[in-house]
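Q:
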Amino acid sequence: MQKKHWTFRITGFRLLLILFVIAAVAISLYRFIFGLGSVTNLNDQWPWGLWIGFDLLCGIALAGGGFSTALIVHVLHKEKYLPIARAALLTSLIGYIIALVSLFLDIGRWYNFWRPFFFWGYHSVLFEVFWCISLYTTVQILEFGDIFFERVRFPSLKKILHATMPFWLIIGIVLPTLHQSSLGSLYVIAANRLNPLWWSMIIPFFFVWSAFFLGPAMVTIEGTLAARAYRREPELPVFSSLTSVTMWMMIVYFIVKVIDLNYRGVFSQAFNGSFESNMFLVEMIVFVLLPIVMYAVPSIRNKLWGVFTASVLVVAGVVFNRMNVVFTGMAQSAGGHYFPTDWEILVTIGMWSALVLIYCFVVENFPIMPKENLVSHESSMTAGQSVHM
Amino acid sequence: MGALVDITKCIGCESCVVACRLYNGLEPGQNEGYRTAQDGNTELAPNKWTVIQSHRTEKSEKQIRRFVKQQCFHCLEPACASACFAKALQKTPEGPVVYNEKLCVGCRYCMIACPFGILRFEWDKPFPRVLKCQMCLGRLADGQMPACASVCPTGAITFGERDKMVGEAKNRLTSNPDLYTGQIYGVKEAGGTSWLYISDVPFEQLGFRTNVPEKPIPEYTWQVLRWTPFIFVGWGALLTGMYLYTKRRAGVHEEEEMYAPVDDDGK
Ligand code: SF4
Ligand code: SF4
């Protein structure tokens, strides 16, 4: 079944993506020579902008699909979800690489990036984020190695990897749990700066929890898009049954959020009509309550359009939440003004284009997606059966 | 060490600003010239480690004007230093919070962390630094005061042991209760700072941040961070347990047989 050659067909759309990537590379080079101020609108009031807020915070959250499916499939051994496991791992890995690249673009003294490995600023949340992300990316590369060596034959290495895989899988869940939450903890220090609707001592919990429930939704979107692009049958039964994970976790999320607001005595601030309160209400109603309802109704969740739309809401909601933390919630204390320049936006588009291109290349050249004719091989295919029930 | 700024005594002459510039060799930028508080407020910048800001406000129904010296507060437990993962910002035992550009990565997390919004970044340099007042570290080592404090012609800045400065501030408040507001800014803010202010006008009218928590900012972070090792070990153990438990019940499957590369032409 091995293909002999590496394949990558260039279509018009892919050409466009490649152009975006080239533009992003050019802008990044310019930024490295002339400084951050030359391409970004960042300033002393707004030291973190689009690249950190969107590419890093959201990128990492969106890559949450990797660790939640790893937990569901490989630790809880819910084998019926196997068909989506590899694709989820792949998206997650690429997401992390994107996040690391944008971090590298964003740090001013990038030749110093290795320092935190040696100068232990362990009292800093960023220290934990930095270590966990670097280690987890490495672990994901190892996990992916298992797949890589199915295409590129290297039996001895593959054997070692395979034998140690349970260890990597577990580390590969612990690390992202820690740093998804510590991305939230980054803002604990902004005690008097982040609006109380978002600032909380348990913001780390909200971050890791939402990164987790976002996973299945992300898998649904990605699976549906991939199925469409490659004219395959979408794994609808898998998607529908995953919704219960997301739904219950979102219900818990919502309840804890309300309790937390009450506990800190800022519940009424959600309704005081300010810009912040409106953004908060939109976040809660449109992006939390609405998808919960859509997932709860069987006639919606069992249809592809329904599960897809609800999942888009969930994913958009997590992005919306992160943006609220980075921008809306900080606006009042920061003063000043920030809106990304066209250059910043182009770099972001370029990076996400790179993600799509890499994804396509890997899927077309490595065994990531389940075989279509799975059912006919019934003998060894316990997983296949449950998928096509 | 610490400094006490008596806002009632400041006349806005900006001698301190000039002294800071000369001692630290801070060149004004192009087209920037020497703007003063009289021309309108200037903000802290990479090459302005202290500035005087003027505030117009009302007192006993009269229009008045007050001058506020701004610089790093040199917190007793600095949020910026606790946020820095490269140890580029550190608190020295004598009091100054100092920056070491050799270690800095330029991530700007310190800027998010500082509750007073003090730090400034060199946005236009390829290898930018994060700059702020260093409390004239070299002068302190020679037993001198910071440049700004040494030149103040009106005695608006007093410099010495922080405890003595707190005592001095309390003295002035009690001996002249009609003049001062009774609050010392910097005693409790962010767990205490090395720069203290007293004033005859409420601080919120003078552009001070009055919502700074009294708890030292690094403590918030630490309350969260200290759980890390427990989560690491506990969650890891739980996962391993679940892994082993569910593995026994799971069917055997041939993973390798399951997947294949997809065809890009949609066949
Ligand atoms: S005022 Fe800001 S920059 Fe100065 S020591 Fe405190 S936290 Fe650091
Ligand atoms: S910008 Fe430099 S000083 Fe500030 S936190 Fe990052 S590494 Fe530390």
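Here the protein sequences come in this chain order: C and X.
Here full-length UniProt numbering is used: the first residue of the first sequence is 1, the next is one more, and so on.
Here full-length UniProt numbering is used: the first residue of the second sequence is 1, the next is one more, and so on.
We put the beta carbon where it would ideally sit given N, CA and C, even for glycine.
Please read all numbers here as calculations on a predicted model, not as lab measurements.
Suppose the cutoff is 6 Å on Cβ atoms and the five residues either side in sequence are ignored; what does the same chain contact list for Asp-6(X) look like?
A: If you number the second sequence from 1, residue 6(X) lands on position 6. Ala-156 and Ile-198, listed in sequence order.
Q: Over what stretch of residues does the beta strand (DSSP E) that includes Lys-91(X) continue unbroken?
A: For this step, residue 91(X) is matched to residue 91 along the second sequence. It spans 89–91 - the beta strand (DSSP E) in which Lys-91(X) sits, taken as one unbroken run.
Q: Give a yes or no on whether 9 Å exceeds the smallest Cβ distance from Asp-44(C) to chain X.
A: Here residue 44(C) is taken as the residue at index 44 of the first sequence, counted from 1. True, the Cβ-Cβ gap to chain X drops below 9 Å.
Q: What do you reckon, are the CB atoms on Ser-38(C) and Asp-124(X) nearer than 9 Å?
A: Position 38 of the first sequence holds residue 38(C). Position 124 of the second sequence holds residue 124(X). For Ser-38(C) and Asp-124(X), yes; Cβs fall inside 9 Å.
Q: In terms of alpha-carbon separation, which member of Cys-360(C), Ile-52(C), Val-101(C) and Val-288(C) lies closest to Tyr-230(C)?
A: The residue you call residue 230(C) lines up with position 230 of the first sequence. Selected option, being the one with the closest Cα: Cys-360(C).
Q: Can you grab the Cα-Cα spacing for the pair residue 391(C) / Arg-264(C), in whole Å?
A: The structure shown has nothing for residue 391(C), since chain C only spans 1 to 389.
Q: Using a Cβ-Cβ distance under 9 Å, would Gln-223(X) count as near chain C?
A: By one-based count along the second sequence, residue 223(X) stands at place 223. Output row for Gln-223(X): interface = yes.
Q: Does the CB of Asn-365(C) have a neighbour CB from chain X at under 9 Å?
A: On the first sequence, residue 365(C) is found 365 positions in, with the first residue counted as 1. Cβ-Cβ to chain X under 9 Å: yes for Asn-365(C).
Q: Hey, which residues come within less than 6 Å of ligand 2, measuring from Cβ to any heavy atom, in chain order?
A: Those residues, listed in chain order, are Ala-83(X), Cys-84(X), Ala-86(X), Ala-88(X), Leu-89(X), Cys-104(X), Val-105(X), Gly-106(X), Cys-107(X), Arg-108(X), Tyr-109(X), Cys-110(X) and Val-130(X).
Q: Mind checking the segment 293–308 of chain C against chain X and listing, in chain order, the residues whose C-beta falls within less than 8 Å of any C-beta there?
A: Those residues of the segment 293–308 of chain C that come within reach of chain X (Cβ to Cβ, closer than 8 Å) do not exist; the list is empty.
Q: What is the rounded straight-line gap between the Cα of Glu-122(X) and the Cα of Phe-207(C)?
A: Walking along the second sequence from the start, residue 122(X) turns up at place 122. Walking along the first sequence from the start, residue 207(C) turns up at place 207. Spanning the two alpha carbons is a distance of roughly 31 Å.
Q: Is the Cβ of Gly-384(C) closer than 9 Å to any Cβ of chain X?
A: What you label residue 384(C) is simply residue 384 of the first sequence in a count that begins at 1. Here the model assigns Gly-384(C) a pLDDT of 36, short of 50, so the residue's position is not dependable and the matter cannot be decided.
Q: Could you pull the start and end residues of the beta strand (DSSP E) that Ser-38(C) belongs to?
A: Working through the first sequence from its first residue, we reach residue 38(C) at position 38. Careful: Ser-38(C) lies outside any beta strand (DSSP E) and carries neither H nor E.
Q: Is the segment 134–142 of chain X close to the segment 140–150 of chain C, with three or more CB pairs under 8 Å?
A: Short answer: they don't touch.
Q: Mapping the DSSP letters down to three states, classify Glu-276(C) as helix, strand or coil.
A: Position 276 of the first sequence, counted from the start, is the residue given in the question as residue 276(C). Of the three classes helix, strand and coil, the one that applies to Glu-276(C) here is helix, per DSSP.
Q: Looking at the C-beta of Pro-78(X), does it have a partner C-beta in chain C at a distance below 9 Å?
A: Along the second sequence, read from residue 1 onward, the residue named residue 78(X) stands at position 78. No, Pro-78(X) does not count as interfacial toward chain C.
Q: When you measure from the CB of Thr-193(X) to every non-hydrogen atom of ligand 3, does any distance come out below 8 Å?
A: Within the structure as shown, ligand 3 is missing, the only ligands being ligand 1 and ligand 2.
Q: Would you mind giving the Cβ-Cβ distance between Phe-308(C) and Thr-220(C), rounded to the nearest angstrom? I have them listed as a contact below 8 Å.
A: By one-based count along the first sequence, residue 308(C) stands at place 308. By one-based count along the first sequence, residue 220(C) stands at place 220. Between Thr-220(C) and Phe-308(C) the Cβ distance is about 6 Å, and since that is below 8 Å, they are a contact.
Q: Which of the three DSSP states, helix, strand or coil, is assigned to Lys-48(X)?
A: For the purposes of this step, residue 48(X) is taken as residue 48 along the second sequence, with counting starting at 1. DSSP places Lys-48(X) in strand when its eight states are reduced to three.
Q: Nearest-angstrom Cα distance between Val-387(C) and Asn-192(C)?
A: Residue mapping note: residue 387(C) aligns to position 387 of the first sequence, counting from 1. Residue mapping note: residue 192(C) aligns to position 192 of the first sequence, counting from 1. In this prediction, Val-387(C) has a pLDDT of 35, which is less than 50 and means its spatial position is unreliable; what the coordinates show is noted afterwards. Their Cα atoms are separated by approximately 50 Å.
Q: Could you confirm whether any beta carbon from chain C is found closer than 9 Å to the beta carbon of Asn-47(X)?
A: Residue numbering aside, residue 47(X) sits at position 47 when the second sequence is read from its first letter. By this cut-off, Asn-47(X) is not an interface position.
Q: Can you pull the DSSP bridge partners for Tyr-197(X)?
A: Within the second sequence, residue 197(X) is the residue found at index 197, counting from 1. Bridge partners of Tyr-197(X): Val-5(X) and Tyr-185(X).
Q: Would you report the Cα separation of Leu-100(C) and Cys-58(C), rounded to the nearest angstrom?
A: Taking the first residue of the first sequence as 1, we reach residue 100(C) at position 100. Taking the first residue of the first sequence as 1, we reach residue 58(C) at position 58. Approximately 12 Å, taken between the alpha carbons.
Q: Would you say Val-97(X) touches ligand 1, meaning its beta carbon is less than 8 Å from a heavy atom?
A: For the purposes of this step, residue 97(X) is taken as the residue at position 97 of the second sequence. True, at least one ligand heavy atom lies under 8 Å from that Cβ.
Q: Could you tell me whether the Cβ of Met-381(C) comes closer than 9 Å to any Cβ of chain X?
A: Here the question's residue 381(C) lines up with position 381 in the first sequence. Model confidence at Met-381(C) stands at a pLDDT of 36, short of 50, so the residue's coordinates are unreliable and nothing is read from them.
Q: Take every Cβ of the segment 281–288 of chain C, pair it with every Cβ of the segment 250–263 of chain C, and state whether three or more of those distances are shorter than 8 Å.
A: Flag = yes, the segment 281–288 of chain C and the segment 250–263 of chain C touch.
Q: Check whether the Cβ of Tyr-111(C) lies closer than 9 Å to any Cβ atom in chain X.
A: Residue numbering aside, residue 111(C) sits at position 111 when the first sequence is read from its first letter. True, the Cβ-Cβ gap to chain X drops below 9 Å.
Q: So the candidates are Ala-270(C), Glu-276(C), Ile-170(C) and Glu-222(C); which of them puts its Cα closest to the Cα of Phe-239(C)?
A: What you label residue 239(C) is simply residue 239 of the first sequence in a count that begins at 1. Measuring from the Cα of Phe-239(C), the nearest candidate turns out to be Glu-222(C).
Q: Relative to chain C, which residues along the segment 196–213 of chain X have a C-beta separation below 9 Å, given in chain order?
A: Answer set for the segment 196–213 of chain X: Arg-209, Asn-211, Val-212 and Pro-213.
Q: Please confirm whether any heavy atom of ligand 1 lies closer than 8 Å to the CB of Phe-121(X).
A: Your numbering for residue 121(X) matches position 121 in the second sequence. Phe-121(X) Cβ: outside cutoff for every heavy atom of ligand 1.
Q: Can you give me the C-alpha to C-alpha distance between Gly-336(C) and Arg-14(C), rounded to a whole angstrom?
A: Reading the first sequence from its first residue, position 336 is the one you call residue 336(C). Reading the first sequence from its first residue, position 14 is the one you call residue 14(C). Going from the Cα of Gly-336(C) to the Cα of Arg-14(C) covers about 39 Å.
Q: Identify, in the order they occur along the chain, each residue of the same chain with its Cβ nearer than 7 Å to the Cβ of Leu-17(C), setting aside the five sequence neighbours on each side.
A: The residue you call residue 17(C) lines up with position 17 of the first sequence. These residues qualify, in order along the chain: Ser-353, Val-356 and Leu-357.
Q: Does the distance between the C-beta of His-74(X) and the nearest non-hydrogen atom of ligand 1 fall short of 8 Å?
A: The sequence position of residue 74(X) within the second sequence is 74, counting from 1. At least one heavy atom of ligand 1 is nearer than 8 Å to the Cβ of His-74(X), so yes.
Q: Can you tell me whether His-179(C) is buried or exposed, with buried defined as 16 or more other CB within 10 angstroms of its CB?
A: One-based indexing of the first sequence puts residue 179(C) at position 179. Classification of His-179(C): buried, given that the 10 Å Cβ count is 16 or more.
Q: Can you confirm whether the segment 204–215 of chain X touches the segment 96–113 of chain C when touching is taken to mean that 3 or more C-beta pairs between the two stretches lie within less than 8 Å?
A: The segment 96–113 of chain C, when compared against the segment 204–215 of chain X, does not touch it at the 8 Å Cβ threshold.
Q: Since Phe-275(C) contacts Met-250(C) with CB under 8 Å, what's their CB separation in whole angstroms?
A: Within the first sequence, numbered from 1, the residue matching residue 275(C) stands at position 275. Within the first sequence, numbered from 1, the residue matching residue 250(C) stands at position 250. With 8 Å as the limit, Phe-275(C) and Met-250(C) do not qualify as a contact, their Cβ atoms being about 25 Å apart.
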